[in-house]
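Trainee:
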Amino acid sequence: EDKVVQSPLSLVVHEGDTVTLNCSYEVTNFRSLLWYKQEKKAPTFLFMLTSSGIEKKSGRLSSILDKKELFSILNITATQTGDSAIYLCAVETGNQFYFGTGTSLTVIP
Amino acid sequence: DSGVTQTPKHLITATGQRVTLRCSPRSGDLSVYWYQQSLDQGLQFLIQYYNGEERAKGNILERFSAQQFPDLHSELNLSSLELGDSALYFCASSVGGSGGAGFFGPGTRLTVL
Numbered sequence: 191e192d193k194v195v196q197s198p199l200s201l202v203v204h205e206g207d208t209v210t211l212n213c214s215y216e217v218t219n220f221r222s223l224l225w226y227k228q229e230k231k232a233p234t235f236l237f238m239l240t241s242s243g244i245e246k247k248s249g250r251l252s253s254i255l256d257k258k259e260l261f262s263i264l265n266i267t268a269t270q271t272g273d274s275a276i277y278l279c280a281v282e283t284g285n286q287f288y289f290g291t292g293t294s295l296t297v298i299p
Numbered sequence: 015d016s017g018v019t020q021t022p023k024h025l026i027t028a029t030g031q032r033v034t035l036r037c038s039p040r041s042g043d044l045s046v047y048w049y050q051q052s053l054d055q056g057l058q059f060l061i062q063y064y065n066g067e068e069r070a071k072g073n074i075l076e077r078f079s080a081q082q083f084p085d086l087h088s089e090l091n092l093s094s095l096e097l098g099d100s101a102l103y104f105c106a107s108s109v110g111g112s113g114g115a116g117f118f119g120p121g122t123r124l125t126v127l
């Protein structure tokens, strides 16, 4: 059965800390892995990863994919209170998208 | 504002009824995706259309159907509604046919009483 598992489920850090969010997957016919940020509204697209070992970066956020070990990580450096959100990982296969349950990040001032 | 619009914003209806949710993608986007988000099941992919054709299909119930029209807007029809269908329904769009949805609409909150 295809599945996407995110860890940890929840994370509370202080401003300025660096966090690493994990996403592992078991799917057939992998096409891409996507990261989204969801605050109290619709998800916002962060990254799409298709190739192993190539880091995608946007400001303080970065992500990398390991297709051999079937996981991806999302790093956030120098966290800010505005980073507080649920971070969702999704995997696209040939004809489906599978979402993890998300990691809830809370950044305390 | 993502540029994806959804109507209505909220919908309250009774069990057994049928509703239609509407989505207009961003200008230039050919793909429309529908998702359901509930507290107990998280975000679930329902279906994707690309330029009027069904492209991918997820965990969409037989009571649900969707279509994409020539002007690229899409409608999600939910029939014989049950209490468990209460959820937030998102539409999203992207330019291409693969690679996931880049832009989500604000969602339609459906409450089935």
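Respectively, the protein sequence lines represent chains A and B.
Whatever position you read off the first sequence (first residue = 1), add 190 for our numbering.
Whatever position you read off the second sequence (first residue = 1), add 14 for our numbering.
We put the CB at the ideal spot given by N, CA and C, even for glycine.
Keep in mind that this is a model prediction, so the values were computed, not measured.
Roughly how many angstroms separate the alpha carbons of B:Asn73 and A:Ser253, rounded to a whole number?
Mentor: Roughly 28 Å between the two C-alpha positions.
Trainee: Cβ closer than 8 Å: which chain B residues qualify as neighbours of A:Leu231?
Mentor: This sequence places Lys at residue 231 of chain A; Leu is not what is there. Result: Pro120 and Gly121.
Trainee: Figure out for me which residue from B:Gly30, B:Ser100 and B:Gly42 has the closest Cα to the Cα of B:Ser16.
Mentor: Of the candidates B:Gly30, B:Ser100 and B:Gly42, the one whose C-alpha sits nearest the C-alpha of B:Ser16 is B:Gly42.
Trainee: Going by the beta-carbon positions, is the gap between B:Leu97 and B:Val33 smaller than 9 Å?
Mentor: For B:Leu97 and B:Val33, no; Cβs fall outside 9 Å.
Trainee: Pull up the distance between the alpha-carbon of A:Asn219 and that of A:Pro299, whole angstroms please.
Mentor: When rounded, the distance between both Cα atoms is 42 Å.
Trainee: Does DSSP put A:Thr291 in a helix, in a strand, or in coil?
Mentor: It is coil, neither helix nor strand.
Trainee: Can you tell which of B:Val126, B:Leu102, B:Trp48 and B:Leu35 has the C-alpha that lies nearest to the C-alpha of B:Pro22?
Mentor: The shortest C-alpha separation from B:Pro22 is found at B:Leu35.
Trainee: With C-beta atoms as the reference, is A:Leu255 less than 9 Å away from A:Leu236?
Mentor: No. Outside cutoff.
Trainee: Can you find a CB in chain A that lies within less than 9 Å of the CB of B:Ala70?
Mentor: With 9 Å as the cut-off, B:Ala70 counts as an interface residue toward chain A.
Trainee: Rounded to whole angstroms, how far is the Cβ of B:Ala101 from the Cβ of B:Ala115, which I believe are closer than 8 Å?
Mentor: The Cβ separation is near 17 Å, so there is no contact.
Trainee: Below 8 Å, can you find three or more Cβ-Cβ pairs linking the region 260-270 of chain A to the region 196-210 of chain A?
Mentor: Output reads yes: the region 196-210 of chain A touches the region 260-270 of chain A.
Trainee: So which of A:Ser197, A:Leu295 and A:Leu278 has the shortest CA-CA distance to A:Gly272?
Mentor: If we check each option's Cα against that of A:Gly272, A:Leu295 comes out closest.
Trainee: Within the region 211-278 of chain A, note down every full beta strand (DSSP E) run reaching 3 residues or more, in order along the chain.
Mentor: If we require 3 residues or more, the beta strand (DSSP E) runs fully inside the region 211-278 of chain A come out as 222-228, 234-239, 246-248, 251-256 and 261-266.
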